[in-house]
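The opening residue of the sequence shown carries number 113 in the working numbering; numbering runs sequentially from there. Think of the CB as a built atom: it goes at the ideal place given N, C-alpha and C, for glycine as much as any other residue. Keep in mind the model is a prediction, meaning the values are calculated, not measured.
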Amino acid sequence: MKRNLISLADLTAEEIEHLLALAKRLKDDLAAGREHAWLAGKTLAMIFEKPSLRTRVTFETGMHQLGGDAIYLAPNDIQFGGREAVADIGKNLSLWVDAIVARTFSHRSVVELTEHASVPVINGLTDLLHPCQVLADCLTLSELRQDLKNLYVVFVGDGNNVVHSWLNAAAKLGFKFTLVCPAGYEPHPEVLEAARSVASAPLEVVNDIAEGTKDADVLYTDVWTSMGQEAETERRRKVFAPYQINEALLANAADDVIVMHCLPAHRGEEITSEVLDGPHSVVMQEAENRLHVQKAALAWLLGAEQAQI
Ligand code: CP
Ligand code: NVA
113 MKRNLISLAD LTAEEIEHLL ALAKRLKDDL AAGREHAWLA GKTLAMIFEK PSLRTRVTFE
173 TGMHQLGGDA IYLAPNDIQF GGREAVADIG KNLSLWVDAI VARTFSHRSV VELTEHASVP
233 VINGLTDLLH PCQVLADCLT LSELRQDLKN LYVVFVGDGN NVVHSWLNAA AKLGFKFTLV
293 CPAGYEPHPE VLEAARSVAS APLEVVNDIA EGTKDADVLY TDVWTSMGQE AETERRRKVF
353 APYQINEALL ANAADDVIVM HCLPAHRGEE ITSEVLDGPH SVVMQEAENR LHVQKAALAW
413 LLGAEQAQI
């Protein structure tokens with residue numbers, strides 16, 4: 113049966129933990145110069161409706177490092193969903209390639225691709241979810257603190273795609289998670305409800321930043337205006353202004369608090385440069401880990417024998 117990586121909610125805790133362990137192994141092997149041609153002869157098609165630095169480069173590099181190939185399809189190349197139906201794109205790509213990664217505006221588009229493609233589809237970010245990012249972040253936290261279950265992750269900002277994937281991860285892996293956001297920017301109620309229904313630790317949403325960030329082990333943030341929301345930029349700048357991760361917020365946090373950001377960052381908006389470049393920040397480790405978790409996911413989904421549970 114073909115597997116996809118559309119939402120962390122679709123994976124079991126065991127599968128997520130397997131991907132994290134495999135990613136750690138691949139990271140160590142790369143550092144030690146041990147190469148694996150597990151995906152020799154395989155090709156990944158990469159559909160992007162939105163810009164990307166990290167997602168594109170890490171998927172493409174990851175395929176090369178595992179002996180395979182990747183084809184980048186920029187927004188103008190196939191005019192996803194405009195030139196022809198998404199179903200037809202999924203069926204055609206399945207004739208030639210072994211997997212598809214897609215970054216789309218609408219989450220429905222990625223779901224539609226999985227319905228019509230006979231090869232695995234990976235979500236490279238939609239307006240609803242960003243599972244690969246949060247997998248990389250969980251790998252980063254497991255490197256820094258070992259036991260994810262005892263962690264308390266607080267996200268300060270918009271109840272967006274990255275938050276939804278955090279809710280799914282916290283629910284599956286059993287750690288406590290709070291979103292601190294302005295009223296009106298809460299996560300999608302269905303995603304929150306579904307996550308709470310399987311969670312073993314509290315998943316909270318609060319509006320008060322002092323109350324919400326108390327006792328956090330991790331302070332996470334992301335842009336206030338996600339790709340596709342550009343028309344709301346000015347309004348969001350005003351509404352989110354009190355929700356900045358800065359030195360004053362850190363002064364009230366634990367001495368060893370970890371600061372995370374998926375990047376790209378808007379310096380001086382959701383986070384100051386002082387904090388982003390400061391000693392608590394692990395943003396480069398997160399970015400690096402995108403490569404390792406996605407190599408693990410590719411090897412697992414494409415059926416590499418060495419990557420199965
Ligand atoms: N974090 C992330 O997904 O970065 P890109 O938008 O550059 O791919
Ligand atoms: N929430 C952001 C994440 C970028 C990686 C966006 O969707 O633009």
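beta-carbon residue i near the ligand CP non-hydrogen atom, thresh 7 Å
i, result
"Arg379", "no"
"Ser164", "yes"
"Thr167", "yes"
Proximity test, residue i beta-carbon vs the ligand NVA heavy atom, cut-off 7 Å
i, result
"Cys244", "no"
"Leu237", "yes"
"Asp334", "yes"
"Asn273", "yes"
"Met339", "yes"
"Cys374", "yes"
Top-ranked residue by Cα proximity to residue i, from the options
i, options, result
"Thr216", "Ser164, Ala353, Phe160 and Arg166", "Phe160"
"Val209", "Gly193, Val223, Ala182 and Glu224", "Ala182"
"Val292", "Leu315, Gln177 and Ile234", "Leu315"
"Ala360", "Ala322, Val233, Glu344 and Leu151", "Ala322"
"Lys326", "Val405, His300 and Asp367", "Asp367"
"Arg402", "Leu120, Arg166 and Leu117", "Arg166"
"Ala416", "Asp140, Leu142 and Met175", "Met175"
"Trp412", "Glu147, Ile234, Ser206 and Gln356", "Ile234"
"Ile190", "Gln177, Gly179, Asn204 and Leu178", "Asn204"
"Glu344", "Trp150, Asp270 and Lys154", "Asp270"
Terminal residues of the beta strand (DSSP E) in which residue i lies
i, result
"Asn381", "In the sequence as displayed, the identity of residue 381 is Glu instead of Asn. Element bounds for Glu381: n/a, residue is neither H nor E."
"Val369", "Note, Val369: premise wrong, no beta strand (DSSP E); not H, not E."
"Val233", "Val233 to Asn235"
Where the alpha helix (DSSP H) through residue i begins and ends
i, result
"His404", "Val395 to Leu413"
Next on the checklist: Quick check for students: name the residue ranges of the beta strand (DSSP E) that lie wholly in the segment 144–223, counting only runs of 3 or more.
Outcome noted: Listed in chain order, they are 155–160, 181–185 and 211–215.
Next on the checklist: Under 8 Å: do the segment 270–284 and the segment 243–259 share three or more Cβ pairs, one atom per stretch?
Outcome noted: Flag = yes, the segment 270–284 and the segment 243–259 touch.
Item to check | Touch test, the segment 328–342 against the segment 357–376, Cβ-Cβ under 8 Å, three pairs minimum | outcome: yes
Next on the checklist: I'd like to know if the segment 253–271 and the segment 287–296 are in contact, where contact means that at least 3 CB-CB pairs between them fall below 8 Å.
Outcome noted: Contact holds: three or more Cβ-Cβ distances are below 8 Å.
Next on the checklist: As an exercise, report each continuous alpha helix (DSSP H) stretch of at least 4 residues that is fully enclosed by the segment 256–293, in chain order.
Outcome noted: 273–285
Checklist entry - Do the segment 124–134 and the segment 148–164 touch if we need at least three Cβ pairs shorter than 8 Å? => result no
Checklist entry - Residue ranges of each alpha helix (DSSP H) run of no fewer than 4 residues wholly in the segment 291–360, ordered along the chain? => result 301–310, 321–325 and 345–352
Checklist entry - Any chance the segment 219–227 sits against the segment 167–174, with 3 or more Cβ pairs inside 8 Å? => result no
Checklist entry - At a cut of 8 Å, does the segment 346–366 reach the segment 379–388 through at least three beta carbon pairs? => result yes
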